[in-house]
Amino acid sequence: MIELDLIIEDDQWSAIPDLQTVCETAFKAGANVEPATGLVSLLLADNDALQALNLQFRGKDKPTDVLSFPADPMDRPLLGDIAVALGVAQSDATEQGKPLADHLTHLLIHGYLHLLGHDHETAPEAETMEGLEIKALASLGIDNPYLTD
Numbered sequence: 158m159i160e161l162d163l164i165i166e167d168d169q170w171s172a173i174p175d176l177q178t179v180c181e182t183a184f185k186a187g188a189n190v191e192p193a194t195g196l197v198s199l200l201l202a203d204n205d206a207l208q209a210l211n212l213q214f215r216g217k218d219k220p221t222d223v224l225s226f227p228a229d230p231m232d233r234p235l236l237g238d239i240a241v242a243l244g245v246a247q248s249d250a251t252e253q254g255k256p257l258a259d260h261l262t263h264l265l266i267h268g269y270l271h272l273l274g275h276d277h278e279t280a281p282e283a284e285t286m287e288g289l290e291i292k293a294l295a296s297l298g299i300d301n302p303y304l305t306d
């Protein structure tokens, strides 16, 4: 079971009805395809906050949609921290023609899998990670985000 510590720094996230439930459901779907037990700290912020984190931890001076920070094993039950930028997420959801809640769900599953050690740096890693994301999203009735027209 995944326990969620939700921190909302940008009130505009409230545009998603039942935001806490959306987040909890995303992590439950992720845990159904890649089981883990523990605490995930989730920060829902604005682009400026994610840009600052991206610069500090990745050396990239631009906002990004989602960042994941896996915890050290000795910090269990903490699995790690995830941060999501509202502006980037909204823009991507609009561009992809999907509801913000569905896109947030995808970003949270993606971030959760990073906390568990998955990555997408190589083609085989990406294939594995995307397969898990697709399976978790399908369990919620959300279409494959990697299909293009």
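Counting in this note's numbering, the sequence shown runs from 158 upward without gaps. The C-beta atom is built at its ideal place from N, Cα and C for all residues, glycine as well.
Exposure label - residue i; buried when at least 16 CB within 10 Å
{"i": "residue 262", "result": "buried"}
{"i": "residue 253", "result": "exposed"}
{"i": "residue 301", "result": "exposed"}
{"i": "residue 231", "result": "exposed"}
{"i": "residue 289", "result": "buried"}
Span separating the alpha-carbon of residue i from that of residue j
{"i": "residue 220", "j": "residue 248", "result": "12 Å"}
{"i": "residue 274", "j": "residue 251", "result": "29 Å"}
{"i": "residue 294", "j": "residue 178", "result": "15 Å"}
{"i": "residue 224", "j": "residue 271", "result": "9 Å"}
{"i": "residue 214", "j": "residue 175", "result": "31 Å"}
{"i": "residue 277", "j": "residue 190", "result": "17 Å"}
{"i": "residue 218", "j": "residue 211", "result": "7 Å"}
Contact under 8 Å by Cβ, residue i with residue j
{"i": "residue 170", "j": "residue 265", "result": "no"}
{"i": "residue 257", "j": "residue 188", "result": "no"}
{"i": "residue 196", "j": "residue 234", "result": "yes"}
{"i": "residue 260", "j": "residue 246", "result": "yes"}
{"i": "residue 269", "j": "residue 287", "result": "no"}
{"i": "residue 203", "j": "residue 162", "result": "no"}
{"i": "residue 193", "j": "residue 236", "result": "yes"}
Closer than 7 Å: residue i CB and nearest the ligand FAD heavy atom
{"i": "residue 196", "result": "The ligand FAD is absent from the structure shown, which contains no ligands of any kind."}
Rounded distance between the beta-carbons of residue j and residue i, thought under 8 Å
{"i": "residue 222", "j": "residue 241", "result": "7 Å"}
{"i": "residue 165", "j": "residue 201", "result": "5 Å"}
Report yes or no: do the region 186-206 and the region 284-300 share at least 3 C-beta pairs separated by less than 8 Å?
yes
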